[in-house]
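Visitor: Residue numbers (this note's numbering): 10 to 271. Dropping a structure here in structure tokens format, bear with me for questions.
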Amino acid sequence: MEFNRYPRVIAAGTLVGLLTLALPASGQAARHVSDASLPATRVATERTVNSGSSQAVARNVTQELSFQERIDAILKQHEEEAKKEAAIPQTVSAYDDSIIGTALASQQQCVDYLLSVNPNPDISVTPQQLVSYYYEEGAREGIRPDVAFAQALKETGFFRYGGTVTSDQNNYCGLGTTSSQVKGAYFNSAQMGVRAQIQHLLAYASTRLPNEPVVDPRYNLVRSSYGERTLKSWPELNGRWAVPGYTYGQSIMSIFRAMLAQ
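As structure tokens, then:
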């Protein structure tokens, strides 16, 4: 009889061992079930899983929201750019004197006209490069680039200078030159000089901020002075950009129309 007891002891021990081994497995299975249900019940399960799992879930939610926010930001940027492009009126006539609009003259016409008057312009880049800056910066802000270039031709004497402003300033429109003793603004590159001119035109023509950081040193002065008021045409710059400048805008438009004839 004592001998027969041993199989029962062994069997009982085996059963206890199996039960002991089964317990972690069932707990692990429970965790798998909870994990599988997380996407569907993320908020509810944060309170039932352990703290480590809750932190992981919170991180996942944050990551998903951040990713979605990035997508929304990209889509919003594209929508805003499309609205800006659609808001710029198409220029169709050489006698349209609006400041805001699109180019009528080609870049080559601008270059050819400049060189026909002054074959050796005193500029730090090639004529082609300088004109390309006007088209790039003008298109970005909705300012007519060909007329802005015509303004530069007038202000610099077709890049001969000879007045208060000198070529090393990269200042193509007399920005900050308030008298014969004040040389005005300096810019570290031709493109920054063009950008400042385009931004100064935008300051008169629109209440919206430029799309690039402001480099025009007088941008805020114009905007604070004009408030919600804007100027629509080049002749409206008479007595404002240039003083007395009775026919300032009209002379710029005359240069522009001569440029179109190239």
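Note that CB positions come from ideal geometry on N, CA and C, so glycine has one too. Keep in mind it's a predicted model, so treat the numbers as computed, not measured.
Exposed or buried, which one is A34 when buried takes at least 16 other CB atoms within 10 Å?
Guide: A caution first: A34 carries a pLDDT of 44, below 50, which makes its placement in the model too unreliable to give a value.
Visitor: Can you give the Cα-Cα distance for R238 and W250, rounded to whole angstroms?
Guide: 16 angstroms
Visitor: Quick one: Cα of S189 to Cα of G171, how far?
Guide: 12 angstroms
Visitor: Evaluate G183 with the Cβ neighbour count: other Cβ atoms within 10 Å of its Cβ, from every protein chain shown; 16 or more gives buried, anything less gives exposed.
Guide: G183 counts as buried, since at least 16 other C-beta atoms from the protein chains shown sit within 10 angstroms of its C-beta.
Visitor: Are S133 and A205 touching if we call contact CB-CB under 8 angstroms?
Guide: no
Visitor: Measuring CB atoms only, is the segment 103-121 touching the segment 148-161, in the sense that at least three cross pairs come out at less than 8 angstroms?
Guide: yes
Visitor: My output table needs one value for Y255: the three-state DSSP class, helix, strand or coil.
Guide: coil
Visitor: Are D105 and P244 touching if we call contact CB-CB under 8 angstroms?
Guide: no
Visitor: What does a CB cutoff of less than 8 angstroms around G248 pick up in its chain, not counting 5 residues either side in sequence?
Guide: G254, Y255, Y257
Visitor: On the three-pair Cβ rule with 8 angstroms, is the segment 77-87 touching the segment 116-130?
Guide: no
Visitor: CB L269 to CB I108, shorter than 8 angstroms?
Guide: no
Visitor: I need the DSSP call for N180, collapsed to helix, strand or coil.
Guide: coil
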